[in-house]
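Q: Top to bottom, those sequences are chains A and B. Residue numbering for the first sequence follows our numbering, beginning at 109 and increasing consecutively. Residue numbering for the second sequence follows our numbering, beginning at 60 and increasing consecutively. The following block contains the structure, expressed as structure tokens.
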Amino acid sequence: MTVTGQTAVAESRPDFVELASRPVLKRKRPGQLIAMVVVGLFALMGAYIVVTNPGFGWPTVAKYLFDMRILNGLLTTIELTVIAMILGFVIGLVVAVMRMSENGLLRGVAGAYIWFFRGTPLLVQMLFWGFAAVLFPTIGIGIPGGPMLVEWNTNDVLPLFVAGILGLGLNEGAYMAEIVRAGLMGVPAGQSEASHAMGFSRMETLRHVVIPQAMKIILPPVGNETISMLKTTSLVIVIGVGDLLYNAQQIYARNLEQIPLLIVASLWYILLTTLLSLVQARIEKQYSRGNMLQVRKA
Amino acid sequence: MSEVQFLNVHKDFSGVEVLKGINFTVQAGQVACLIGPSGSGKSTLLRCVNHLETTSSGTILVGGRMIGYEVHGDRLIEAHQKDINKRRSRIGMVFQSFNLFGHMTALENVMMGPVKLLKVPKAQAEAEARELLAKVGLAERTGHYPAQLSGGQQQRVAIARALSMKPDLMLFDEPTSALDPELVGEVLDVMKALARDGMTMIVVTHEMGFAREVADVVAFMDGGVIVEAGDPREIISNPRHERTQAFLSKVL
């Protein structure tokens, strides 16, 4: 006997017919409620402490949040971030291309660069740049072992700000190189092959075919690196560059209001990283669009 | 149009010989089909023609001139990359996996070579690109990105892109093998039209119908050698060699 659909149910399990006509219930999950209560209690506790403990010094925070020294430091932090990221990206691109070169020597140099700058702490590298003048009191162009043609005092041409940029940018370059390399390798080999078959050189292929397509892969981690860099710039305080944290430190060295001034600095850092996250999300959306959904008017 | 001569071409991949002395000539204006089982060396041979693969010994002449190599004393030496690029620009190549540039529209793909390599003014390159896309039946798809096109459409754009460089010779590496069966015809039609226009073509293919209908010469390859070559009707309908018979009995 063949039965189908409703009749099948009705014949085999008559008790199911009525049940099947009603919507399914949603099971209660008590765990969710418990989690909510626990998290809520902790949040309340936290808020209570933050508001009632006078050590946080909220009036002092408000007083210094827009202090000229803080705002100047903030500007320096932003400058350091932007310039170090640009330097890091350019170095990263060059080192990544070298790392993928057919020339073993170039590959070796690129490998050594990454090995060195990833292998030593950034804090130490930063101190090295700060003390560069001790290592090389003068820098110039000359004949190795012979006379110098031009010569400068290191402290004159390498102000602390530049030392900070070099410390951050050269280190960033090593990490960026790996990000860029992953991006370049993510573009299918057939793309380069088609370009070579048309008669494009290696460099033209890289520029017109590979890099534009690698950007989609490279951009999200570059966003992360930028956000990370914004905070890492605070390391320049060890060589005395007047960034946000350094200037906050200078203020609390005099008035001894350490916590409120650290809060001032933190508020600015978190505001900037939030803004950067928004920009990052925006750019990623832009990049993922072009290729898939839109038909270009042509 | 260019004649292509393979003169005693050998090739080994780290000790394994994949081409064992290929001697073969494709006359200017002819269509040659390379057929044979996978691993027989036919794609490798094709890729040697524009130096995407190097050869171990022997040489290939395109239009009477060596490609990829030049004479150095009594030996051959790899040519300058610039010369190789220049020769490649006159040889169109179509790949099994299309390889259209993913970040460019169909139109931009077809314009790119003329604009960047031949320095053709943009407006002129665009007009020519539109004409080529119309010729392959894609006048309505100029603004689409590769990901928005079917396999057959992508492959036709790829043919238009190759033609944009005004090649003397076209190489096809299994151009329909990655296509759904119902899309094969539209690509073969474009290739047939190209053959009728007198383009010199070397086609690695499993499409025996196409080979029989369009090819002037068919070469059956197996194990790195050309087992037999000649008139397609002869080779495909009356193969003399045992290995050719065995292969054709499986694919026909």
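Glycine included, C-beta positions come from ideal geometry on N, C-alpha and C. Model, not experiment: these values are computed from the prediction.
For residue 122(B) and residue 270(B), what's the separation of their Cα atoms in angstroms?
A: Mapped onto the second sequence, residue 122(B) falls at position 63. Mapped onto the second sequence, residue 270(B) falls at position 211. Between residue 122(B) and residue 270(B), the C-alpha separation is close to 23 angstroms.
Q: Give, in chain order, every residue of the segment 297-321 of chain A whose Cβ lies closer than 8 angstroms to some Cβ of chain B.
A: Those would be 298, 299, 301, 302, 303, 304, 305, 306, 307, 308, 309, 310, 312, 316, 317, 320, 321, in chain order.
Q: Let's test the definition: count the other Cβ atoms within 10 Å of the Cβ of residue 12(B) and tell me whether it reaches 16, buried, or not, exposed.
A: Missing from the structure shown is residue 12(B); chain B here goes from 60 to 311 and no further.
Q: Taking all protein chains shown into account, do 16 or more other C-beta atoms lie within 10 angstroms of the C-beta of residue 127(A), making it buried, or fewer, making it exposed?
A: Sequence index remark: in the first sequence, residue 127(A) carries index 19 (1-based). The residue is exposed, with fewer than 16 neighbouring Cβ atoms inside 10 Å.
Q: Run down chain A in chain order and give the residues with a C-beta less than 9 angstroms from the C-beta of residue 139(B).
A: As a working mapping, residue 139(B) is identified with position 80 in the second sequence. Within chain A, no residue comes near residue 139(B); the closest Cβ sits about 11 angstroms away, beyond 9 angstroms.
Q: Would you verify that the beta carbon of residue 109(A) is, or is not, closer than 8 angstroms to some beta carbon of chain B?
A: Here residue 109(A) refers to the residue found at position 1 when the first sequence is read from its first residue. Any reading at residue 109(A) must be qualified, since the residue scores a pLDDT of 49, below 50, and its modelled position is unreliable; the value itself is stated next. Not one chain B Cβ lies under 8 angstroms of residue 109(A).
Q: Under 8 angstroms: do the segment 246-263 of chain A and the segment 172-190 of chain A share three or more Cβ pairs, one atom per stretch?
A: No, they do not touch.
Q: For residue 152(A), verify whether its CB is less than 7 angstroms away from any heavy atom of the ligand MN.
A: The ligand MN is not part of the structure shown, which contains no ligands of any sort.
Q: For the segment 300-369 of chain A, list the alpha helix (DSSP H) runs that are entirely contained and at least 4 residues long, ordered along the chain.
A: Qualifying alpha helix (DSSP H) stretches, in chain order: 310-313, 319-340, 352-363.
Q: Please tell me whether residue 325(A) and residue 290(A) are closer than 8 angstroms, where the distance is taken between their beta carbons.
A: For the purposes of this step, residue 325(A) is taken as residue 217 along the first sequence, with counting starting at 1. For the purposes of this step, residue 290(A) is taken as residue 182 along the first sequence, with counting starting at 1. It is a contact, given that the beta carbons lie within the stated cut-off.
Q: Using the Cβ count rule (16 or more neighbours within 10 Å means buried), how would you classify residue 185(A)?
A: In the first sequence, counting from the first residue as 1, residue 185(A) sits at position 77. Buried.
Q: How should residue 156(A) be labelled, buried or exposed, when 16 other C-beta atoms within 10 angstroms of its C-beta is the threshold for buried?
A: By 1-based counting over the first sequence, the position of residue 156(A) is 48. Flag for residue 156(A) reads exposed.
Q: Where do the N-terminal and C-terminal ends of the beta strand (DSSP E) with residue 178(B) fall, by residue?
A: Counting from one through the second sequence, the residue named residue 178(B) turns up at place 119. Careful: residue 178(B) lies outside any beta strand (DSSP E) and carries neither H nor E.
Q: Please compile the residues from chain A whose C-beta is within a distance smaller than 9 angstroms of the C-beta of residue 147(B).
A: Counting from one through the second sequence, the residue named residue 147(B) turns up at place 88. Ordered by position in chain A, the residues that pass the 9 angstroms Cβ test against residue 147(B) are 304, 305, 306, 307, 308.
Q: To the nearest whole angstrom, what separates the beta carbons of residue 185(B) and residue 171(B), a pair I think is in contact under 8 angstroms?
A: Numbered from 1 along the second sequence, position 126 holds the residue referred to as residue 185(B). Numbered from 1 along the second sequence, position 112 holds the residue referred to as residue 171(B). Their Cβ separation, rounded to whole angstroms, is 11 angstroms, which puts residue 185(B) and residue 171(B) out of contact at 8 angstroms.
Q: When DSSP builds the beta bridges, which residues end up paired with residue 69(B)?
A: Walking along the second sequence from the start, residue 69(B) turns up at place 10. In DSSP, residue 69(B) forms a bridge with 79(B), 116(B).
Q: Are the C-beta of residue 152(B) and some C-beta of chain A separated by less than 8 angstroms?
A: Taking the first residue of the second sequence as position 1, residue 152(B) is located at position 93. Yes - at least one Cβ of chain A is within 8 angstroms of the one on residue 152(B).
Q: With which residues is residue 128(B) paired in a DSSP beta bridge?
A: Locating residue 128(B) in the second sequence gives position 69, where the first residue counts as 1. Paired residue(s): 137(B).
Q: Can you name the start and end residues of the alpha helix (DSSP H) that residue 249(A) belongs to?
A: Locating residue 249(A) in the first sequence gives position 141, counting from the first residue. Careful: residue 249(A) lies outside any alpha helix (DSSP H), inside the beta strand (DSSP E) at 246-250.
Q: What first and last residue would you give for the beta strand (DSSP E) that runs through residue 261(A)?
A: Locating residue 261(A) in the first sequence gives position 153, where the first residue counts as 1. Taken as a continuous stretch (DSSP letters only), the beta strand (DSSP E) holding residue 261(A) covers 256-261.
Q: Quick one: give me the first and last residue of the alpha helix (DSSP H) that residue 185(A) is part of.
A: Position 77 of the first sequence, counted from the start, is the residue given in the question as residue 185(A). Counting along the chain, the alpha helix (DSSP H) containing residue 185(A) begins and ends at 176-207.
Q: Give a yes or no on whether the C-beta atoms belonging to residue 119(B) and residue 129(B) are separated by under 8 angstroms.
A: Taking the second sequence and counting its residues from 1, one reaches residue 119(B) at position 60. Taking the second sequence and counting its residues from 1, one reaches residue 129(B) at position 70. No, these two residues do not count as a Cβ contact at 8 angstroms.
Q: I need the boundaries of the alpha helix (DSSP H) containing residue 105(B), first residue and last residue.
A: On the second sequence, position 46 is the one that residue 105(B) refers to. Where residue 105(B) is concerned, the enclosing alpha helix (DSSP H) stretches over 101-108.
Q: Taking DSSP as the reference, what is the three-state secondary structure of residue 91(B)?
A: As a first step, residue 91(B) is located in the second sequence; it is residue number 32 there, counting from the start. Of the three classes helix, strand and coil, the one that applies to residue 91(B) here is strand, per DSSP.
Q: Determine the DSSP secondary structure at residue 62(B), reduced to helix, strand or coil.
A: Translated into positions along the second sequence, residue 62(B) becomes position 3. Residue state, collapsed to three classes: coil.
Q: Three-state secondary structure (DSSP) at residue 305(B)?
A: Looking up residue 305(B) in the second sequence gives position 246. In this structure, residue 305(B) counts as helix in the three-state DSSP scheme.
Q: Kindly identify the DSSP beta-bridge partner or partners of residue 278(B).
A: Residue 278(B) sits at position 219 when you count from the first residue of the second sequence. For residue 278(B), which the question treats as bridged, DSSP gives the partners 93(B), 288(B).
Q: With a threshold of 8 angstroms between beta carbons, is residue 231(B) in contact with chain A?
A: For the purposes of this step, residue 231(B) is identified with residue 172 of the second sequence, where counting begins at 1. It does not: the Cβ of residue 231(B) has no partner Cβ on chain A nearer than 8 angstroms.
Q: Using a Cβ-Cβ cut-off of 6 angstroms (strictly less than) and excluding sequence neighbours within five positions of residue 150(B), which residues of its own chain qualify?
A: Locating residue 150(B) in the second sequence gives position 91, where the first residue counts as 1. Once the five neighbours on either side are set aside, the close Cβ partners of residue 150(B) are 109, 226, 228.
Q: Would you mind stating whether residue 111(B) and residue 261(B) have Cβ atoms separated by less than 8 angstroms?
A: On the second sequence, residue 111(B) is found 52 positions in, with the first residue counted as 1. On the second sequence, residue 261(B) is found 202 positions in, with the first residue counted as 1. Cβ distance not < 8 angstroms, so residue 111(B) and residue 261(B) don't count as in contact.
Q: State yes or no: is the C-beta of residue 166(B) within less than 8 angstroms of the C-beta of residue 201(B)?
A: Taking the second sequence and counting its residues from 1, the one referred to as residue 166(B) is at position 107. Taking the second sequence and counting its residues from 1, the one referred to as residue 201(B) is at position 142. Yes, they are a contact pair.
Q: Can you tell me whether DSSP reads residue 231(B) as helix, strand or coil?
A: As a first step, residue 231(B) must be located in the second sequence, where it is residue number 172. Looking at residue 231(B) - three-state DSSP - the assignment turns out to be strand.
Q: Near residue 138(B), which residues of its chain fall below 7 angstroms by C-beta distance, leaving aside the five closest residues on each side in sequence?
A: Position 79 of the second sequence, counted from the first residue, corresponds to residue 138(B). Correct list, in chain order: 127, 128, 129.
Q: Would you please verify whether the beta carbon of residue 300(B) is less than 8 angstroms from any beta carbon of chain A?
A: Taking the second sequence and counting its residues from 1, the one referred to as residue 300(B) is at position 241. Cβ-Cβ to chain A under 8 angstroms: no for residue 300(B).
Q: I'd like to confirm the pairing. Which residues does DSSP put opposite residue 201(B) in its beta bridges?
A: Looking up residue 201(B) in the second sequence gives position 142. Residue 201(B) is not bridged to any residue.
Q: For the segment 278-290 of chain A against the segment 195-209 of chain A, are there 3 or more C-beta pairs whose distance is under 8 angstroms?
A: Output reads yes: the segment 195-209 of chain A touches the segment 278-290 of chain A.
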